[in-house]
Each structure stands twice: as structure tokens, then as C-alpha cells.
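A short worksheet on the structure shown next.
Protein chains in written order, with my numbering: chain A, 117 to 336; chain B, 293 to 452.
Quick look at the structure:
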């Protein structure tokens, strides 16, 4: 698979390194000459092209027409938008992903139909969660922070203790995936009864995380 | 008309002054407050300091009730982005986009933006003037056709 990355900052460089090491064909376009030369020296399995990725001619040089994925990760949101639009609409690239630096611009990308990743939004959501819900931990945030895999540790006073799974009033958009009990992995069924000290791994939307917490651990 | 101008450079400031003096309700946006000095003391429109493609800034500029928007910053991509916001998110009836890069001007014209590719236009005017040709040039601006007729001077200007 051929992946084209535009922008050679910290994100672009580490993405190029990671993808190339996984075995993808990777090209990176960076307009700053010194930076592009440095990346070319550091990453010998990445094709590095010096030039402005917003320039359709440079994108063509970089083989945009045969790329399966183009991702624009420069520090300028307007550039990332235009790079992704050019790649998708002019060169027919099937999958384009833009980095959004300012979360206020996310709505614009959504309206134009460009998929985004905003590190600011993801980090903000994670920190907010850590700060507000202390006894339920996020193990992994998915779908740009909208969905998460969480871990909840039951105490003897937790309302879910002694109940079976089917007796729990779980929110609709959440599911218990696994129970870890004394290093044993239990796949929960309706009859499985919860014990104090159980560590529960669940999948939930961010909106339902509060409800899930309440069903398992009670009100804060 | 309520008109928003994004970019207070030489073109944006002059456009703002003209429209404002004709009685239009003009709001001009620029990321540098010092750019508004170009407007002079007579300008009676509104100035907003901020990034033109920031939806919050555009709302403050009254984009929801704007009749027209001109994107004339010195960044092609900023102009393209603000124009798409105006058209797609706020249905501003008339949106005009200045694009320096001839390739991007052509591409986004095909995508439905009313683009003015100033580089191509100015190059053609220069060509005609240099060759002292009386010429007629056509420029399309988006889906509407804009016809510009330009006649180069036949005589050497006095004092050359």
C-alpha cells in the first residue's frame, strides 16, 4: 500500500517512520528544505520530496495518483484541508485524513466531508475524563475519542457486587467485554455474578460512561 | 448589502473603502490589527481581528446574514477555506475567491468556487501591454462568465 504524507513535523516524521517500518510504501512531502533533507537522511525507507504539498504539481511528483491514502499533517489547518481536497477530488485518492490543529476548525472539515484527527481534542477529552471519573479508567480511546474501552474496579460496597450481569441496568450504548478476577479472564454471560475486586473491561460511548459508572460503582 | 471582506491587504482595504463609501455595510477581517491602518480615517465599516476561516470570527462578522463575501488574503488556501465555509455552511449568495496559483484557481473553479486567478489575469494584461497589442480578453469567474475587455495603449506614453 502506498501512503503519502504531507508535512514533516513531529507528527509527519513519526508517522512516516512507523508506517515504513510496518512495511508500507511511504512518501513524505515537506516544504522546508532543511527539514526535508534531514528526514531523507534519517529515514532511508521513505521517499522524501522537498516542496509545497498544496501545489498540485508537487503532489503529482509524489505519486499522489497511485496513493491509497493521503494524510495532511502540517501545522496549518487551511493547508491540510486543501491538500486533502486536492488528493480526494482531483486525484481520486480513496482515503484522505487531515490533522486539525485548532479544534474550532473540525466542524469545517466535517461539513466538507474530510476525516480528521485532532490531537488537541483527543488529549483534552482524555484529561477531562481522568480528572472527573477517578475509579473508571480509559484504556483506549477510539473513533477520535467518541468511544472508549474502560476499566472499572469493583469494591465491596459497589452496587453491582452480588448481582448477575442481566440484573445490571447498563446504559444502551455500552457492553461489558471481560471480567478479570484473580488473574482469571472471564467472558461475562447473563448469569455471571460480580464479585468485589473484579476488574471489568467495558466498551462504551463517552456519553454513556457516566451511566456505566453508576451501574457498576454507584453515584460519585 | 452586508459584505464581508477577508484580508485587509492592498486589495482588501481598497475594496472595503470603495464598498463602504458606496453605502454598503462592510465588515473586514484580518489576522493583524495593524493592517486596518490601510483603511484610512474615512472608513466607517467594522473591523475584526482574527483568522478569517475561524467559524467564530465569521459569526461575529455576521456571516449568517451576509449577502456577499470576498476572500482576498495573501494565502490561497485560507481564501479557499473561508470561501467554502461561506458557501457550504452559511449559504452566502455571492462568494468571490482570489487565488494566486493558476493551477489551484482552475481546480477550484471546477469545484464551483467563483475564483479570480489574479496571476493569470495580470500576466495576460502585461503581455498585451508589452506587445502593444490591442487585445480582448475573456476571463470566466466561476460558473458566471466575466468578460474583461482591455485595450493596450497604441501610443508611447509621453516621457515613456
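We put the beta carbon where it would ideally sit given N, CA and C, even for glycine. Note that the coordinates shown come from a computational prediction; the quantities given were computed from them, not determined experimentally.
Beta-bridge partners of residue i, as assigned by DSSP
i, result
"residue 141(A)", "118(A)"
"residue 300(A)", "297(A)"
"residue 268(A)", "252(A), 316(A)"
"residue 322(B)", "341(B)"
"residue 215(A)", "233(A)"
"residue 360(B)", "295(B), 386(B)"
"residue 290(A)", "320(A)"
Three-way DSSP call (helix, strand, coil) for residue i in this model
i, result
"residue 343(B)", "coil"
"residue 323(A)", "coil"
"residue 184(A)", "coil"
"residue 313(B)", "helix"
"residue 452(B)", "With a pLDDT of only 42 at residue 452(B), under the threshold of 50, the placement of this residue in the model should not be trusted; the figure read from the coordinates follows. Residue state, collapsed to three classes: coil."
"residue 261(A)", "helix"
"residue 110(A)", "Only positions 117 to 336 of chain A appear in this structure, which leaves residue 110(A) out of reach."
"residue 178(A)", "coil"
"residue 274(A)", "coil"
"residue 332(A)", "helix"
"residue 284(A)", "coil"
"residue 308(A)", "coil"
"residue 454(B)", "Past the boundaries of the shown model lies residue 454(B); chain B is included only from 293 to 452, so the question cannot be answered."
"residue 350(B)", "helix"
"residue 415(B)", "helix"
"residue 164(A)", "strand"
"residue 156(A)", "helix"
"residue 189(A)", "coil"
"residue 170(A)", "coil"
"residue 366(B)", "coil"
"residue 300(B)", "coil"
"residue 128(A)", "helix"
"residue 374(B)", "helix"
"residue 195(A)", "helix"
"residue 334(B)", "coil"
"residue 279(A)", "coil"
Among the options, the one whose alpha carbon lies nearest that of residue i
i, options, result
"residue 324(A)", "270(A), 243(A), 239(A), 285(A)", "285(A)"
"residue 309(B)", "369(B), 329(B), 412(B)", "329(B)"
"residue 193(A)", "320(A), 231(A), 175(A)", "231(A)"
"residue 282(A)", "137(A), 265(A), 307(A)", "307(A)"
"residue 410(B)", "417(B), 392(B), 424(B)", "392(B)"
"residue 210(A)", "272(A), 181(A), 188(A), 197(A)", "181(A)"
"residue 140(A)", "150(A), 161(A), 151(A)", "161(A)"
"residue 333(A)", "313(A), 123(A), 321(A)", "313(A)"
"residue 125(A)", "148(A), 265(A), 184(A), 205(A)", "148(A)"
"residue 188(A)", "173(A), 287(A), 128(A)", "128(A)"
Residue-level contact to chain E via CB, residue i, 8 Å cutoff
i, result
"residue 347(B)", "Of the chains in the structure shown, none is chain E; the protein chains are A and B."
Kindly provide the ranges of any alpha helix (DSSP H) runs that are 4 or more residues long and lie completely inside the segment 383-412 of chain B, ordered along the chain. 394-402
Should the segment 317-335 of chain A be regarded as contacting the segment 296-312 of chain B, the criterion being three or more beta carbon pairs within less than 8 Å? no
So does the segment 286-299 of chain A actually touch the segment 224-239 of chain A, counting three or more Cβ pairs closer than 8 Å? no
Pair every Cβ in the segment 155-173 of chain A with every Cβ in the segment 131-138 of chain A, then say whether three or more of these pairs are closer than 8 Å. yes
Touching by the beta-carbon criterion (3+ pairs, under 8 Å), the segment 330-350 of chain B and the segment 364-381 of chain B: yes
Using 8 Å as the cut-off, can you tell me whether the segment 317-332 of chain B makes contact with the segment 383-398 of chain B, which would need three or more C-beta pairs spanning the two stretches below that distance? no
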